[in-house]
Every structure is written in C-alpha cells, then in structure tokens.
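In this note's numbering, the protein residues as written are 1379 to 1606.
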C-alpha cells in the first residue's frame, strides 16, 4: 500500500506537531515540522542582528544558512540543524517565540521555505505540519487535516509545556501571547491560517493527541486501502 502526503495545519498549541509526529511514526512516513524551519530563520536573524520585518534581508539570510531537519527515533522526533549545528533546544525560547510570527509573515521568507518544503515532499511521502500546508505547500495532498482547540485548552497545554521546561510564565500573559499569535497568523496578507478546501476539521479540545492520531491513521489507511 503506497501512502500519500498528509497535511496537518492548525494554530499555536493545537497539538498539530505532536499529532503529526505520532501519525508519521505509525505510518512510517517522514515527519516535517515546518514551524521549526521558520523558527530556525528567526534564531539566525536574532543572532545576526537582521531586522525582523526586512523580508529581503531575511530571505537572503535563509539562503545563506543551511537549515536541515534530521529525523530521530527518540521522543523529539527530529533535530533541526543550522549550518550543521543542532539548535533544536534553542528554537523554543522566549526570544525566538516572540519573533517567529513576524518572520513567518514575510512573503519573501515564505516563498523560499515553501520551495524547500516542496522539495522535501518530492523525495518521499511526508506528514507535514504547519499553518499553510494543505492550502499552499501541498494543495494536492489527498489527506488534509485542520486541527484546532479552544483558546483555554491551548493555553493550558502550552503552560504545561513551558513549566515542564522550567520556564516561569503566568496564564494571563501566555493567553495574550497565544491570542496575539492567532491574530498574526490569521490576518497576515500572505498565506493566512485557515482550513484548506476539503480539509477534515478536528477539534482536539477534549481529546488526547494519541486519540487524534488514531483517527487520522484510521482515515488514511482505510481510504488508501479502498482505492488500491
């Protein structure tokens, strides 16, 4: 049975990355977290002192630096390498998180990274997670999922993640950040966050990531088997 591309989109803390990684493992597909690629550009921009709203400079920066996603068998699922250095642990700090929405809103950056993401998908079947996979990156993917959850649940999840990582932040501040990023993602002129045409919309507010992944795997395998 040949498996096709699977596109999983959704807002911040909707669980899309965790779900995508679980689906990829169960189906033995390559997991691609496109958000990590934008974070790598943001990290490089902060390090090199590049203005975050200068799309041309950011695109030149992204072309200058080599960004690789390395699949891993452990709980992380992947490592992000910037010019060969594993920078995964540095991608989720406060400075990068605050910068990434601005970086991702630049059309020049999006065009460059979308091209790279399509090149990855051209090599093999993938489970790709992001905010514009089904609508822009892989519009012909036969399996498109838009994963969402209530703001309250997304704040709870992200708060638990940050506290587990030893970062102190209060719920009110985090909610403001989540809502700010939602506005930035949905209101940007280039590739705004929205369900792709024909996407299966799943509300994960009351579901575990494993349950969501199981639903997607069942959908993909049953549909693919029926067509073979």
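Backbone N, C-alpha and C fix where the C-beta goes; we use that ideal spot for every residue, glycine too. All values reported here derive from a predicted model rather than from experimental measurement.
Delimiting residues of the alpha helix (DSSP H) encompassing residue i
{"i": "residue 1585", "result": "Neither: residue 1585 is in no alpha helix (DSSP H) and is coded neither H nor E."}
{"i": "residue 1576", "result": "Neither: residue 1576 is in no alpha helix (DSSP H) and is coded neither H nor E."}
{"i": "residue 1465", "result": "Here residue 1465 belongs to no alpha helix (DSSP H), and DSSP marks it neither H nor E."}
Minimum C-alpha distance to residue i - residue among the options
{"i": "residue 1359", "options": "1542, 1556 and 1537", "result": "For residue 1359 there is no data in the structure shown, the boundaries of the chain being 1379 and 1606."}
{"i": "residue 1499", "options": "1517, 1482, 1484 and 1509", "result": "1517"}
{"i": "residue 1565", "options": "1509, 1424 and 1530", "result": "1509"}
{"i": "residue 1383", "options": "1511, 1457 and 1425", "result": "1511"}
{"i": "residue 1352", "options": "1563, 1542 and 1520", "result": "The question about residue 1352 has no answer here: the residues shown for the chain are numbered 1379 through 1606."}
{"i": "residue 1404", "options": "1605, 1604, 1593 and 1601", "result": "1593"}
{"i": "residue 1464", "options": "1605, 1513 and 1422", "result": "1422"}
{"i": "residue 1575", "options": "1390, 1458 and 1522", "result": "1522"}
{"i": "residue 1502", "options": "1414, 1562, 1589 and 1402", "result": "1402"}
{"i": "residue 1400", "options": "1469, 1474, 1452 and 1540", "result": "1452"}
{"i": "residue 1556", "options": "1398, 1476 and 1385", "result": "1476"}
Three-state class that DSSP yields for residue i in the structure shown
{"i": "residue 1382", "result": "coil"}
{"i": "residue 1485", "result": "helix"}
{"i": "residue 1445", "result": "strand"}
{"i": "residue 1429", "result": "coil"}
{"i": "residue 1519", "result": "coil"}
{"i": "residue 1514", "result": "helix"}
{"i": "residue 1544", "result": "coil"}
{"i": "residue 1390", "result": "coil"}
{"i": "residue 1452", "result": "coil"}
{"i": "residue 1537", "result": "helix"}
{"i": "residue 1571", "result": "coil"}
Close-in-space but distant-in-sequence residues of the same chain around residue i (CB under 6 Å, 5 per side omitted)
{"i": "residue 1526", "result": "1388, 1392 and 1581"}
{"i": "residue 1583", "result": "1527, 1528 and 1531"}
{"i": "residue 1444", "result": "1461"}
{"i": "residue 1495", "result": "1412 and 1515"}
{"i": "residue 1474", "result": "1417, 1420 and 1421"}
{"i": "residue 1542", "result": "none"}
Own chain, CB closer than 8 Å to residue i, minus 5 neighbours either side, in chain order
{"i": "residue 1416", "result": "1478, 1481, 1482, 1487 and 1491"}
{"i": "residue 1440", "result": "1419, 1422, 1487, 1490 and 1491"}
{"i": "residue 1535", "result": "1391, 1393 and 1527"}
{"i": "residue 1449", "result": "1408, 1409, 1455 and 1456"}
{"i": "residue 1552", "result": "1533, 1536, 1537 and 1540"}
Own chain residues within Cβ distance below 7 Å of residue i, not counting five before or after
{"i": "residue 1429", "result": "1435"}
{"i": "residue 1485", "result": "1433 and 1568"}
{"i": "residue 1585", "result": "none"}
Where the beta strand (DSSP E) through residue i begins and ends
{"i": "residue 1457", "result": "1456-1460"}
{"i": "residue 1550", "result": "Careful: residue 1550 lies outside any beta strand (DSSP E), inside the alpha helix (DSSP H) at 1549-1565."}
{"i": "residue 1411", "result": "1408-1411"}
{"i": "residue 1507", "result": "1504-1508"}
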